[in-house]
Amino acid sequence: MASSDGAGEDNIFQLLKAANPNELEQRQQAINEKIHHTFQLSQQRLSELIDQNSTSPTTVSSVTVLGAPNTRHGFLQKIVNPLLSANRDRPYTQSELIHEVAKTADRLKKFGIYHEPVSVYLDKPSKTDPTSTPTDVAVYYSVKERSRVLAKTGTDLGNAEGSAYANVQWRNLLGGAETLDLNASIGTRTRSSYQATIDTPVLSNPDFRFQLGGQQSATQKVFASHEEVLKGGWGKLRWLSSGGTMNEFGYNGVWRQVTGLAQNASPTVKNEAGDSFKSSISLMRTTDKRDNPMLPTRGYYAKSTTELAGWGPLQGDVSFLKTEVETQTALPVPIPGVAGDSGISFTTGLRAGLLYPLALGSKRNPEMSRINDRFQLGGPTDVRGFRLSGLGPHDGPDAVGGDLYAAGSANLLLPLPKVGKDKPLRFQAFVNGGRLLALRNSDKEGTMTSEEVRQSFSNAVTELGNGLPTISAGVGLVYAHPVARFELNFSLPLVVRKHEESRKGVSFGIGINFL
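Under the UniProt record's numbering, the residues of the sequence shown are numbered 1 to 515, in order.
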């Protein structure tokens, strides 16, 4: 028997050795095709069953969320109660039920307190339950809560600034998806910053949130020979409207101090030294339809911000209306004869802003607005080819900012040879420019009248469109990291005005939002 078994094994081994590799491959391919065909048939049958029963009346008898011991019952109840048929005036169809169940699962994910995915199960109630009906369905959501406490340290890269930070975050603090965030950081420009915020959804809606926060920071303004200290707090309501527009309405109360003046600080900066208190309300609207915020190839972005300070009951010792708009449009550039996306894109950007004084000072503030509130323009993240805050009014070595500005940019982005369009690395050629102006009063003392302010604004608008803007052009490399965009550019200033600080040559920019 042993000899017979060994001979059998040898025969099998010889058959395997003798088999043609192509024949084995064909057999495996046939098996794979059969498995795939069986799977397709089962999917087709499932689809047919769903289609046949898509209009069948269905009622939801109960909704249960499993795996959420730290989440309040009342909080979850507001999320799942709309699913119950008892709260509706008619039964679901099966297709409607599937859609609504998926929407509720998506809402649970948006709170950020559960791991993905959120699993969904549908089950028929027990037939022995006298309260159930043949159309009843029980819905179960299975979730896994994320860690409630998260502590981390790291580095942040923002517009023309880098910083190191320590952060502690408590998720689901009170069982209603609240988040308490404590953050401390030191940086290249913001020497120190301490911030605490608490954020909570309103009415168990992940798209409608309320935030309270407070901050203390000290920032070195290298472009204007002083340091700015901020201490204050804010409250914000944020909600998502139809069309995907994010809205934010808030109140901000902050004490500001211009201090730490350099020895060579200009008279304008010295005149601004001291304290001020800003009490303001603001409205911000943001729509982002870009395929990639860091390196868009198609889509558009629009943002508008309006701030009203020191008017009516807001008090404070600064009073103004400040508005700013920003847009960006990206278009793919097709190449004749090349199928699909070429990876080449053309991007245009536009920014504009106005700071309009409402209650004006005299000797203390001859520029009508304070340096804390004015716009700054120029640098590697907006008008390239100029130093940081290199455009607009200057007093000696200091960029003192402006009240009215407009800036634009056109960028052509191309994939690098042998790198490919799928990599987040591009060669860019750009042209950008802008103007930054101040609303100036006369040299006389005393408060300006409203008519004088309007005349100053009219003069500034006329000057804004008078002649060519400040312009630069260049080429460079762009790398889009998930947390920031990096640019290495060679820039050539083409139009430079008196007192503006251009920068011909190579510059390096790191930021979130580029013009």
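Note that CB positions come from ideal geometry on N, CA and C, so glycine has one too.
Does the separation of the CB atoms of residue i and residue j fall below 8 Å?
{"i": "residue 141", "j": "residue 166", "result": "no"}
{"i": "residue 471", "j": "residue 433", "result": "yes"}
{"i": "residue 266", "j": "residue 395", "result": "yes"}
{"i": "residue 314", "j": "residue 279", "result": "yes"}
{"i": "residue 505", "j": "residue 490", "result": "yes"}
{"i": "residue 226", "j": "residue 261", "result": "yes"}
{"i": "residue 287", "j": "residue 306", "result": "no"}
{"i": "residue 517", "j": "residue 375", "result": "Past the boundaries of the shown model lies residue 517; the chain is included only from 1 to 515, so the question cannot be answered."}
Using three-state DSSP, classify residue i as helix, strand or coil.
{"i": "residue 106", "result": "helix"}
{"i": "residue 460", "result": "helix"}
{"i": "residue 144", "result": "coil"}
{"i": "residue 26", "result": "helix"}
{"i": "residue 514", "result": "coil"}
{"i": "residue 38", "result": "helix"}
{"i": "residue 226", "result": "strand"}
{"i": "residue 330", "result": "strand"}
{"i": "residue 167", "result": "strand"}
{"i": "residue 95", "result": "helix"}
{"i": "residue 215", "result": "strand"}
{"i": "residue 453", "result": "helix"}
{"i": "residue 184", "result": "strand"}
{"i": "residue 364", "result": "Bear in mind that a pLDDT of 42 at residue 364, under 50, signals an unreliable position, so the number given afterwards is only what the model happens to contain. Coil at residue 364, not helix or strand."}
{"i": "residue 2", "result": "With a pLDDT of only 45 at residue 2, under 50, the local geometry of the prediction cannot be trusted, and the value read off the model is given with reservation. The answer is helix: DSSP assigns residue 2 an H, G or I state."}
{"i": "residue 70", "result": "coil"}
{"i": "residue 502", "result": "strand"}
{"i": "residue 101", "result": "helix"}
{"i": "residue 371", "result": "coil"}
{"i": "residue 262", "result": "coil"}
Which residue comes first and which comes last in the alpha helix (DSSP H) that contains residue i?
{"i": "residue 270", "result": "267 to 272"}
{"i": "residue 76", "result": "73 to 80"}
Please name the residue or residues paired with residue i in a DSSP beta bridge.
{"i": "residue 284", "result": "248 and 305"}
{"i": "residue 275", "result": "257"}
{"i": "residue 489", "result": "476 and 507"}
{"i": "residue 320", "result": "309 and 357"}
{"i": "residue 136", "result": "59"}
{"i": "residue 120", "result": "141"}
{"i": "residue 205", "result": "202"}
{"i": "residue 395", "result": "398"}
{"i": "residue 150", "result": "169"}
With distances taken Cα to Cα, identify the nearest neighbour of residue i among the options.
{"i": "residue 427", "options": "411, 440, 436 and 269", "result": "411"}
{"i": "residue 76", "options": "91, 114 and 55", "result": "114"}
{"i": "residue 155", "options": "257, 474, 188 and 124", "result": "188"}
{"i": "residue 91", "options": "226, 500 and 61", "result": "61"}
{"i": "residue 214", "options": "180, 208 and 223", "result": "180"}
{"i": "residue 144", "options": "119, 85, 125 and 134", "result": "119"}
{"i": "residue 498", "options": "415, 400 and 392", "result": "392"}
{"i": "residue 102", "options": "121, 85 and 112", "result": "121"}
{"i": "residue 312", "options": "320, 305 and 306", "result": "320"}
{"i": "residue 425", "options": "397, 431, 476 and 37", "result": "476"}
How would you write the range of the beta strand (DSSP E) that residue i sits in, first residue to last?
{"i": "residue 434", "result": "425 to 437"}
{"i": "residue 357", "result": "345 to 357"}
{"i": "residue 195", "result": "190 to 202"}
{"i": "residue 114", "result": "Premise fails: residue 114 is in no beta strand (DSSP E) and is neither H nor E."}
{"i": "residue 409", "result": "404 to 415"}
Run the proximity test for residue i: is its beta-carbon closer than 7 Å to any non-hydrogen atom belonging to the ligand NAD?
{"i": "residue 66", "result": "Because no ligand of any kind appears in the structure shown, any question about the ligand NAD cannot be addressed here."}
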